[in-house]
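In the working numbering, the protein residues as written are 591 to 878. Where is the CB? At the ideal position from N, CA and C, for every residue including glycine. Quantities reported herein were computed from a predicted structural model and do not represent experimental measurements. As structure tokens, the structure follows; a few thoughts come after it.
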């Protein structure tokens with residue numbers, strides 16, 4: 591029978607299977623990815639490889655983790671900008687790995703001050719993609735954020751935000767703190783969410799500089815993290831809160847990432863920016 595698996599922790603931790611948690615207290619594993627590909631590429635490859643896994647043994651798999659590598663995650667839409675080469679160079683100069691992720695949307699940048707939630711559903715196909723999925727996830731996520739402290743979390747796009755979207759989550763109608771994007775294939779769907787918790791100066795700067803290179807409008811004051819509103823909040827705190835929510839709300843069972851997927855992703859090599867979908871199509875992964 592297909593399971594609903596919850597994995598919390600780094601893609602580089604010595605664990606193996608769907609949605610990682612460490613039992614009572616939700617121990618978030620932050621072991622660095624050790625590979626020639628680097629953590630940013632490996633972290634974005636893992637969900638894309640699992641998305642395309644035929645006959646997946648899970649119905650839903652959720653991987654919640656604190657990213658280990660400074661990342662500028664482009665989308666296919668960003669590649670159509672005449673400024674993509676300059677944007678890639680800006681990201682690299684700032685110490686961020688430029689990667690073209692599998693889900694859509696537009697560019698987002700993050701580091702260890704963020705939390706990433708990758709929700710894979712092997713029962714969903716293109717007929718079930720669309721705004722209903724975004725709305726349901728936004729409503730669930732905003733409830734978690736409101737329970738974290740003095741966070742006036744709301745659903746909706748704010749003026750001048752990066753990666754603009756109807757179902758972004760903002761604080762007080764002024765700053766964006768959460769964004770999501772989706773990818774749907776014949777083998778299921780991937781709904782990926784980035785929660786900004788502690789936004790460093792270099793993340794703010796790279797979002798602004800890469801947006802400028804791509805020709806996107808941006809109101810820099812719209813960039814914020816949850817810790818700007820709930821003092822002392824850490825990315826590990828937020829990851830643990832989401833782990834608890836997915837356990838209760840969806841009845842998830844804790845487990846590791848599927849055996850071998852991290853090692854498979856770690857073999858990746860490619861250009862700059864690295865194209866996740868191109869590599870996963872050429873190097874498919876099968877669950878043993």
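Check: For residue 721, the three-state DSSP class (helix, strand or coil); Outcome: helix
Check: Helix, strand or coil at residue 688 [DSSP, three-state]; Outcome: strand
Check: Alpha carbon of residue 823 to alpha carbon of residue 851, nearest angstrom; Outcome: 31 Å
Check: Local conformation of residue 808 per DSSP, three classes; Outcome: coil
Check: Rounded C-alpha distance that separates residue 801 from residue 840; Outcome: 36 Å
Check: Local conformation of residue 867 per DSSP, three classes; Outcome: helix
Check: Residues bridged to residue 708 [DSSP beta-bridge criterion]; Outcome: 653, 782
Check: C-alpha distance - residue 686 paired with residue 629, whole-angstrom precision; Outcome: 11 Å
Check: Cβ-based neighbour list, residue 711, same chain, cut-off 6 Å, excluding 5 preceding and 5 following; Outcome: 650, 778, 779
Check: Proximity winner among 661, 654, 689, 655, relative to residue 667 (alpha-carbon distances); Outcome: 689
Check: Beta-bridge pairing of residue 925 - partner residues as DSSP gives them; Outcome: Limits of the chain in this structure are 591 at one end and 878 at the other, which puts residue 925 out of reach.
Check: The region 765–772 in contact with the region 746–757 per 3-pair CB rule at 8 Å; Outcome: yes
Check: Proximal residues to residue 638 (C-beta, below 6 Å), its chain only, five neighbours per side dropped; Outcome: 692, 866, 870
Check: Stretch pair the region 697–712 + the region 820–838: three plus CB contacts closer than 8 Å; Outcome: yes
Check: CB of residue 818 within 9 Å of CB of residue 784, strictly; Outcome: no
Check: Rounded C-alpha distance that separates residue 835 from residue 747; Outcome: 24 Å
Check: Endpoints, the alpha helix (DSSP H) within which residue 855 is located; Outcome: 851–855
Check: Distance CB(residue 656)-CB(residue 699) smaller than 9 Å; Outcome: no
Check: Burial state of residue 731 (16 or more Cβ within 10 Å); Outcome: buried
Check: Beta strand (DSSP E) segment containing residue 759, residue limits; Outcome: 759–761
Check: 9 Å Cβ cutoff met for residue 846 and residue 674; Outcome: no
Check: Classification of residue 838 by the beta-carbon crowding that lies within 10 angstroms, buried from 16 upward; Outcome: exposed
Check: Spatial neighbours of residue 798 in its chain, beta-carbon cut-off 7 Å, leaving aside the 5 residues before and after; Outcome: 808, 810
Check: Member of 670, 805, 820 whose CA lies at the smallest distance from the CA of residue 786; Outcome: 820
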